[in-house]
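Below is one structure, written out as C-alpha cells; comments come after it.
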Amino acid sequence: IATGGVDTVRIRAPQAAQGPDVLTVRLVSAAPDINSNTPALVTDSLRQIANLNTVRRASLDVDVVASGTYSTGQQNVPVNVSVRNTGQAAVVPDSVGVELTIDNAFFSFNGGPAGSKDTLYLPFVNNLASGVFNLDVLSNVGSSDISAAILPGTPGAALLQDANNNYPDTLVFIADTVATQTLMVDSAAQILATEVILSPAGAQDSVVSTGQMVVISDTIRFFGGFNSGGRSAQITLPTGFSMEGPSEYVLPGDTGVAVVTWTVIVPATVPQTQPSVITFTHRGTETNTGSEIVHQATLPLTVVTRSRLNMTASILTPAGAVDGILSTYQYFDLRIAVNNLGTAGT
C-alpha cells in the first residue's frame with residue numbers, strides 16, 4: 297500500500313459458524329524516510345478487530361401444505377405456505393413474497409385474481425413467515441400439482457439479502473426455491489334415492505284406500521366419497537298415517553347401494569289435505585370435507601274412501617208380482633243391484 301493510500305482486501309468468512317475470533321492486521325515493512333534514507337518510524341504496526349463472530353448464513357426453505365384430497369364444488373379450502381430461515385443471520389427486508397401456482401382447470405383463487413398465480417407477502421416472525429391461500433375447487437376430477445415459490449424481493453423494496461452479507465449483488469441463499477404438492481379432486485359426495493310402491497299392485501299409481509297397508513321400497517345410492525359410518529334413512533309420515541316397523545334405519549357402510557322397505561298404514565278416514573306427502577330423509581358424511589350430506593325425497597299419495605259394496609234386490613216384472621204376492625207356478629223377474637258406496641274402484 298502506498299503511503300497515504302487505502303486499499304481493500306476481501307476476506308471470506310469460515311464455512312462453519314465460530315467465534316468470537318480476533319482479526320489481526322500487522323504492518324510488516326515500511327518505506328524509508330526520504331530524508332534520512334532509514335526506515336520510517338512505525339508507531340502502530342498492529343491492529344485487531346476483536347469479537348468477530350461467524351454465524352450460519354441466512355437460508356430460506358419454502359413449504360406448501362394442503363389436505364391432499366378435495367371434492368368438486370368445495371369452496372374456500374385453505375392452502376398453507378411457509379418460508380423458514382434456517383440460518384442464524386437475519387433476512388432483509390424482514391418479509392418475503394411467496395407465489396402459489398395452481399392448475400386453473402381444477403382450482404381458482406377464492407377472492408383472488410383470475411388465472412393460475414397469486415402472491416402473498418409475509419413478514420418474518422421468529423425466522424418464520426407463513427400465510428394461507430384460499431382456493432375454490434372446480435368441476436374437473438383428477439390429480440393436480442400446486443407449487444409455492446419464493447420471490448427474490450418485494451415490490452418497491454430491495455432484493456432479499458442476508459443482513460450481514462448485503463453486498464449489492466448478493467442475494468440471500470435459498471435452499472428450496474419451489475415446493476410442490478399433488479392434490480386429488482374427487483366427485484362431490486351425492487345421495488340419490490328412488491321410492492316405489494311394491495304392494496299392493498293397485499296402489500302403484502299412488503292412489504290408496506283408507507285403512508289399507510302399503511309397502512314402499514326405498515333404494516338409496518351413495519356417489520363420491522362417503523364415510524362408512526353415519527349413513528341412515530328415515531321416513532316422516534303425514535298426520536293420520538302410521539308405521540309397521542321402525543321409522544329410521546342405520547344403513548351399511550360397505551356398499552354404495554342400500555335398500556329399505558317401509559310398511560305404511562293409511563288412516564281410516566280421508567285426510568283433509570290431499571295429496572298426503574310422505575318424506576324420506578337420507579344422510580351420510582362426506583369423507584373429504586367431514587360435512588353431513590342430507591338428501592330428501594317425497595312420495596305423494598292420494599287417499600280415497602275404501603270400496604264398500606251394497607246389494608239390493610226387487611221384483612221387476614210382472615207388475616202384479618211387484619207387491620210380493622205370487623201365483624202358483626208363475627214366472628217373475630228379480631232385479632239384483634250391487635253398488636260401490638266408496639271411492640276406490642273394485
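Residue numbers 297 to 642, in my numbering, belong to the letters of the sequence shown in order.
Backbone N, C-alpha and C define an ideal beta-carbon position, used for all residues, glycine too.
_Of the listed residues Ala401, Phe405, Val358 and Gly364, nearest to proline 382 (C-alpha basis)_ = For clarity, residue 382 is threonine in the given sequence; the question names proline instead. By alpha-carbon distance to threonine 382, the top candidate from Ala401, Phe405, Val358 and Gly364 is Val358.
_So the candidates are Ser325, Thr551 and Val556; which of them puts its Cα closest to the Cα of glutamate 491?_
Cα-wise, what sits closest to glutamate 491 is Val556.
*Do serine 378 and phenylalanine 420 have their C-beta atoms within less than 8 Å of each other?*
For serine 378 and phenylalanine 420, no; Cβs fall outside 8 Å.
*Report the residue ranges of all beta strand (DSSP E) runs contained in full by the segment 416 to 496; include only those spanning at least 3 residues, in chain order.*
DSSP runs (the beta strand (DSSP E)) wholly in the segment 416 to 496: 424 to 433, 438 to 446, 469 to 472, 474 to 482 and 486 to 495.
*asked:* Rounded to the nearest angstrom, what separates threonine 476 and threonine 368 at their Cα positions?
replied: The straight-line gap from Cα to Cα measures roughly 21 Å.
*Note the first and the last residue of the continuous beta strand (DSSP E) segment covering leucine 348.*
Going by DSSP, leucine 348 is part of the beta strand (DSSP E) stretching over 342 to 350.
*So valine 468 packs on alanine 354, CB below 8 Å; how close in whole Å?*
About 5 Å separates the beta carbons of valine 468 and alanine 354, which is inside the 8 Å limit, making them a contact pair.
*Would serine 435 be called buried (16 or more neighbouring beta carbons within 10 Å of its own) or exposed?*
Exposed: under 16 other Cβ atoms inside 10 Å.
*Starting from leucine 356, trace the beta strand (DSSP E) both ways and give me its first and last residue.*
Note, leucine 356: beta strand (DSSP E), 355 to 361.
*Measure the alpha-carbon distance for asparagine 584 versus aspartate 501 and round it to whole angstroms.*
Looking at the two C-alpha atoms, the distance is approximately 40 Å.
*Compare the C-alpha of leucine 416 against each of Pro448, Ala484, Val560 and Val433 and name the closest.*
Comparing alpha carbon positions, the residue from Pro448, Ala484, Val560 and Val433 closest to leucine 416 is Pro448.
*Looking at the structure shown, is alanine 401 part of a helix, part of a strand, or coil, going by DSSP?*
In the structure shown, alanine 401 sits in coil (DSSP, three-state: anything other than H, G, I, E or B).
*asked:* For glutamate 582, count the other beta carbons within 10 Å of its own beta carbon; 16 or more makes it buried, fewer makes it exposed. Which is it?
replied: Glutamate 582 should be labelled buried.
*Which residues in the same chain as threonine 350 place their Cβ atom closer than 8 Å to its Cβ, once the five residues preceding and following it in sequence are excluded?*
Excluding sequence neighbours, threonine 350 sits near Ala309, Pro310, Ala312, Ala313, Gln314, Gly315 and Asp317.
_Reduced DSSP secondary structure (H/G/I, E/B, other) of alanine 554_ = Residue state, collapsed to three classes: strand.
*Nearest to glycine 525 by alpha carbon, out of Tyr545, Ser513, Thr535 and Gly541?*
Per the Cα distances, Tyr545.
*Determine the burial state of serine 404: buried for a count of at least 16 other Cβ atoms within 10 Å of its Cβ, exposed for fewer.*
Residue environment analysis places serine 404 among the buried positions, since at least 16 neighbouring C-beta atoms fall within 10 angstroms of its C-beta.
*Mind checking leucine 547: buried by the 16 CB within 10 Å criterion, or exposed?*
Answer is buried; the Cβ neighbour count reaches 16.
*asked:* According to DSSP, is alanine 617 part of a helix, a strand, or is it coil?
replied: Three-state DSSP puts alanine 617 in a helix.
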